[in-house]
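Numbered according to this note's numbering, the sequence shown spans residues 22 to 338. For every residue, glycine included, the Cβ atom is placed at its ideal position computed from N, Cα and C. Notes for the one structure printed next.
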Amino acid sequence: MTLSASRRLSQTEFLLELNPVVEAELNRHIPVAKEWFPHEYIPWSDGRNFDGILGGDPWLETDSKLSDVARSALIINLLTEDNLPSYHHEIAVLFGRDQAWGDWVHRWTAEEGRHGAALRDYLTVTRAVDPVELEQLRMAHMSQGYQSANDEDVLRSLAYVSFQELATRVSHRNTGRATGDPIADQLLARIAADENLHMIFYRNLLKAALELDPNQTMRAITEVVKTFEMPGADIPGFQRKAVQMAVDGIYDLRQHRDEVVMPVLRFWKVFDLEGLDADGEQARQELSDFLDNLDVQASRFEDKRDLLKARMAARKG
Ligand SMILES: [Fe+2]
Ligand SMILES: [Fe+2]
């Protein structure tokens with residue numbers, strides 16, 4: 022089917038047109054997504070019983086070998102993974118559970134299910150964080166559920182998850198390094214590799230959408246970049262922990278712009294697209310202006326952080 026660039030596809034048409042692409046992407050994804058087993062990554066022999074039913078030792082802050090920021094990042098990353106049932110609901114409703122879309126929704130959910138399980142096992146066995154606080158936070162966070170800001174829009178949802186999976190990859194990877202623990206680093210690198218494959222899957226789908234309807238897809242990309250927020254943004258205490266993570270370089274504005282947003286935009290070649298109509302051009306211009314502004318904000322943050330670090334070093338010296 023040939024489409025003129027001015028044709029606007031409906032949501033249902035996008036799902037139908039993209040179904041063969043989902044199928045081809047699944048066939049590409051399955052052989053490259055290496056099977057792995059969470060239990061192999063956990064240092065079980067480091068564990069001991071907790072107080073309560075088994076009468077072991079209560080958790081003490083001195084049990085944790087990790088820095089405060091590494092703990093904050095692990096808690097945010099785990100609570101974000103924990104909300105999987107809500108994410109599954111959002112994409113199952115939007116993408117449907119039929120044909121290739123359904124196969125992907127289920128496969129993705131199964132892969133994501135490993136991440137939360139493995140992270141929790143690690144944190145509990147190594148006594149890295151307070152297990153009571155962690156469970157209370159999980160209950161609070163999951164009780165809120167998650168509602169996608171793009172839950173009625175296939176294109177915006179695909180654009181969002183392309184960026185979000187890459188953002189999660191960067192965050193897991195840098196969290197691993199921040200722990201200073203080779204075991205945590207290895208586990209988080211393994212999880213980050215999964216997130217990268219998820220990003221590639223969605224990124225390729227959106228690339229196909231750009232060919233089907235460049236103008237509508239361009240608008241979707243612009244809106245998503247302008248409003249992007251991490252899925253864990255409503256975790257209790259998220260802001261404070263996010264600032265801590267930014268100050269420590271686990272996930273900051275510079276990384277968000279240069280390592281997450283820009284590589285995906287470059288892959289889609291959004292600034293080389295030809296034949297956009299007036300609406301498409303307008304969307305691309307807004308995107309370009311937004312990225313320029315993000316660059317300024319990222320530099321401002323880096324300057325402030327350098328100043329703060331210099332002051333802290335002077336105080337220590
Ligand atoms: Fe994940
Ligand atoms: Fe993922």
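Start-to-end residues for the alpha helix (DSSP H) that takes in residue 273 | Counting from 1 along the sequence shown, the entry for residue 273 is found at position 252. Looking at the DSSP string, residue 273 is not in any alpha helix (DSSP H), and its letter there is neither H nor E.
Go through the residues and name those whose CB comes closer than 7 Å to any heavy atom of ligand 1, in chain order.
-> 102, 133, 136, 189, 212, 215 and 216
Between the Cα of residue 147 and those of 214, 87 and 118, spot the shortest distance and give me the residue it belongs to.
-> Position 126 of the sequence shown, counting from 1, holds the residue named residue 147. Of the listed residues, the one whose Cα sits closest to residue 147 is 87.
Within the 8 Å Cβ cut-off, does residue 180 reach chain D?
-> In the structure shown, chain D does not exist; there is a single protein chain.
Range covered by the alpha helix (DSSP H) that runs through residue 34 = Here the question's residue 34 lines up with position 13 in the sequence shown. Taken as a continuous stretch (DSSP letters only), the alpha helix (DSSP H) holding residue 34 covers 32–53.
Nearest-angstrom Cα separation, counted from residue 240 out to residue 45 | Translated into positions along the sequence shown, residue 45 becomes position 24. Translated into positions along the sequence shown, residue 240 becomes position 219. Going by the C-alpha atoms only, they are around 26 Å apart.
According to DSSP, is residue 184 helix, strand or coil?
-> As a working note, residue 184 is residue 163 in the sequence shown. Helix, per DSSP.
Classification of residue 65 by the beta-carbon crowding that lies within 10 angstroms, buried from 16 upward = Working through the sequence shown from its first residue, we reach residue 65 at position 44. Residue 65 should be labelled exposed.
Any contact of the region 295–306 with the region 180–200, i.e. 3+ C-beta pairs under 8 Å?
-> no
Tell me, please, whether the region 221–239 touches the region 180–187 by the rule of three or more beta-carbon pairs shorter than 8 Å.
-> As far as the Cβ criterion goes, the region 221–239 touches the region 180–187, which means the pair count is three or higher.
Fully enclosed by the region 145–197, which beta strand (DSSP E) runs are 3 residues long or longer?
-> none
Report all residues from its chain with a CB closer than 7 Å to the CB of residue 135; omit the five preceding and five following residues, and keep chain order.
-> As a working mapping, residue 135 is identified with position 114 in the sequence shown. Closer than 7 Å at the Cβ level, and outside the excluded window around residue 135, lie 59.
From residue 190 to residue 74, what does the alpha carbon distance come to, in whole angstroms?
-> Counting from one through the sequence shown, the residue named residue 190 turns up at place 169. Counting from one through the sequence shown, the residue named residue 74 turns up at place 53. Taking the straight line joining both Cα atoms gives about 37 Å.
In or out: residue 262 buried (at least 16 other Cβ within 10 Å) or exposed?
-> Residue numbering aside, residue 262 sits at position 241 when the sequence shown is read from its first letter. It is buried - the Cβ of residue 262 has at least 16 other Cβ atoms within 10 Å.
State the DSSP-derived secondary structure class of residue 322, mapped to helix, strand or coil.
-> Indexing the sequence shown from 1 puts residue 322 at position 301. Of the three classes helix, strand and coil, the one that applies to residue 322 here is helix, per DSSP.
Do three or more CB pairs link the region 248–263 to the region 315–327 at distances below 8 Å?
-> no
Those runs of the alpha helix (DSSP H) which lie wholly inside the region 92–117 and span at least 4 residues = 105–116, all fully within the region 92–117.
Do you know offhand how far residue 61's Cα is from residue 236's?
-> Residue 61 sits at position 40 when you count from the first residue of the sequence shown. Residue 236 sits at position 215 when you count from the first residue of the sequence shown. Cα-Cα distance, rounded: 47 Å.
Candidates 50, 33, 31 and 78: closest to residue 215 by CA position = Translated into positions along the sequence shown, residue 215 becomes position 194. That would be 50, whose Cα lies nearest to the Cα of residue 215.
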